[in-house]
Amino acid sequence: MEFMLQREHVGVVLDDVEVYRSFEEHCKPGYDSDYRRNRDCFSDEHYFSTLLAARGLQTHENCGAYAITSVVWMTGWDPHPKAYR
């Protein structure tokens, strides 16, 4: 996963403690007996967008934009897109 941050966003990331600690505490993949299933958590894929949204900067990002790249997510239950070869 690649991210590009504006100078303002870098400052938000460097100053953050609250969202980081929340991810550290709650973002733990593995079997969850309360839900009786495996939990998936990919902090490297969700941290930046969650932090920007928590700080009211979600409109500064462009996560839903279409790009010149493409991925195929139809690989079953795998949480990652199909690799092109």
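Just so we're aligned: the sequence shown equals residues 16 to 100 in my numbering.
Each residue gets a CB set at the ideal place from its N, CA and C atoms; glycine is no exception.
In this text the structure is predicted, and so the values were computed from the model without any measurement.
Asked, Found
"Beta strand (DSSP E) segment containing Gly45, residue limits", "Gly45 to Asp47"
"The ligand FAD heavy atom lying under 7 Å from the CB of Ala69", "In the structure shown, the ligand FAD is absent, as is every other ligand, since no ligand is present at all."
"Own chain, CB closer than 7 Å to Cys42, minus 5 neighbours either side, in chain order", "Cys56 and Ser58"
"Cβ shell of Val28 (< 8 Å), same chain only, five flanking positions each side left out", "Leu20, Phe63 and Leu66"
"Residues near Tyr46 by beta carbon distance below 7 Å, same chain, minus five either side", "Asn53"
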